[in-house]
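Novice: Protein chains in written order, with the numbering used here: chain V, 40 to 154; chain C, 40 to 154.
Every residue, glycine too, gets a C-beta built ideally from N, C-alpha and C.
Before we start, here is the structure in question, set down as structure tokens.
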């Protein structure tokens with residue numbers, strides 16, 4: 040855990056969030072500024088600043104991030120109609136919190152380009 | 040390989056594409072309709088229709104998809120300024136080819152919402 044990381048604190052329950060999913064390695068909660076009718080963030084509990092910082096030793100953790108997102112998508116009933124996963128890195132990507140987070144967006148047709 | 044899958048054929052070299060990265064399990068190529076100055080698709084060579092179809096047995100393959108994307112992002116020099124990863128599922132997500140593909144978008148500031 041990184042002491043000053045917002046998402047580490049959310050994962051630890053030190054800052055409240057609207058929980059959607061939780062297990063030993065992942066935590067999911069609703070985005071406070073939703074960009075779609077359903078907008079959820081899925082994070083690994085382990086602090087890694089950027090997805091691009093993940094390396095071979097994180098392969099299982101990164102695969103599990105997508106599988107946890109899939110589980111959330113199923114629970115939210117998003118899969119049949121469809122949904123979008125987004126992961127931002129650094130300024131051009133629009134990353135605002137430096138703890139890996141996967142955005143799940145659904146509940147409306149997502150447009151193209153994706154931002 | 041799925042007989043009628045466009046991306047299986049691209050992965051097999053049966054349909055030409057502008058290759059960016061290739062290894063035993065993944066293939067990356069430029070999107071023919073780029074939505075950003077750099078727009079690359081990364082696919083697993085194994086045919087899986089949707090990311091939401093991936094299950095526990097695909098954990099390593101899915102983790103490797105993100106790691107392959109990271110390698111592509113590094114080679115393209117996108118990491119420092121930033122980039123966005125996008126994976127679409129079904130109609131609301133805007134999925135057009137039913138073989139898992141991760142979009143890498145960079146070379147400009149990506150906006151919000153992401154579509």
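Compare the beta carbon distance of residue 154 (chain C) and residue 151 (chain V) with 8 Å and say whether it is the shorter of the two.
Specialist: Yes, the Cβ-Cβ distance between residue 154 (chain C) and residue 151 (chain V) is below 8 Å.
Novice: With DSSP as the reference, identify every bridge partner of residue 69 (chain C), one or two as the case may be.
Specialist: In DSSP, residue 69 (chain C) forms a bridge with C:79.
Novice: Does the beta-carbon distance from residue 103 (chain C) to residue 99 (chain V) come in below 8 Å?
Specialist: Not a contact, by the Cβ cut-off of 8 Å.
Novice: Quick check: what's the CA-CA separation for residue 88 (chain C) versus residue 142 (chain C)?
Specialist: When rounded, the distance between both Cα atoms is 15 Å.
Novice: Applying the criterion that 16 or more other CB atoms from any shown protein chain within 10 Å of the CB defines a buried residue, is residue 116 (chain C) buried or exposed?
Specialist: Exposed is the call here.
Novice: Classify residue 87 (chain C) as helix, strand or coil using the three-state DSSP reduction.
Specialist: The answer is coil: DSSP assigns residue 87 (chain C) none of H, G, I, E or B.
Novice: Residue 124 (chain V) and residue 125 (chain C) - do their beta-carbons sit closer together than 8 Å?
Specialist: Yes.
Novice: Does the separation of the CB atoms of residue 76 (chain V) and residue 131 (chain C) fall below 8 Å?
Specialist: Cβ distance not < 8 Å, so residue 76 (chain V) and residue 131 (chain C) don't count as in contact.
Novice: Could you name the residues of the stretch 47 to 78 of chain V whose beta carbon sits closer than 8 Å to any beta carbon of chain C, in the order they occur along the chain?
Specialist: The residues in question are 74 and 75.
Novice: Answer yes or no: does any C-beta atom of chain C fall closer than 8 Å to that of residue 115 (chain V)?
Specialist: Taking Cβ atoms only, chain C never reaches closer than 8 Å to residue 115 (chain V), which makes this a no.
Novice: Please classify residue 150 (chain C): does DSSP put it in a helix, a strand, or coil?
Specialist: Residue state, collapsed to three classes: coil.
Novice: Closest by CA to residue 58 (chain C), which one among C:73, C:81, C:41 and C:90?
Specialist: Comparing Cα-Cα distances from residue 58 (chain C) to each of C:73, C:81, C:41 and C:90, the minimum goes to C:81.
Novice: Do residue 128 (chain C) and residue 91 (chain C) have their C-beta atoms within less than 8 Å of each other?
Specialist: Yes, they are a contact pair.
Novice: Where DSSP assigns a beta bridge to residue 156 (chain V), which residues make up the other side?
Specialist: Absent from the structure is residue 156 (chain V), since the part of chain V shown begins at 40 and ends at 154.
Novice: Roughly how many angstroms lie between the CA atoms of residue 47 (chain C) and residue 140 (chain C), to the nearest whole one?
Specialist: If you take the alpha carbons of residue 47 (chain C) and residue 140 (chain C), they lie about 11 Å apart.
Novice: Please check the pair residue 105 (chain C) and residue 93 (chain V), which I expect to be a contact at CB under 8 Å, by giving their CB distance rounded to whole angstroms.
Specialist: 6 Å between Cβ atoms; contact.
Novice: What residues of chain V sit near residue 134 (chain C), judged by a beta carbon separation below 8 Å?
Specialist: Near residue 134 (chain C) (Cβ distances below 8 Å), the residues of chain V are 121.
Novice: Grouping DSSP H, G and I as helix and E and B as strand, with all else coil, what is residue 116 (chain V)?
Specialist: Coil.
Novice: Can you tell me which of V:113, V:71 and V:118 puts its alpha carbon nearest to the alpha carbon of residue 54 (chain V)?
Specialist: With distances taken between Cα atoms, residue 54 (chain V) lies closest to V:71.
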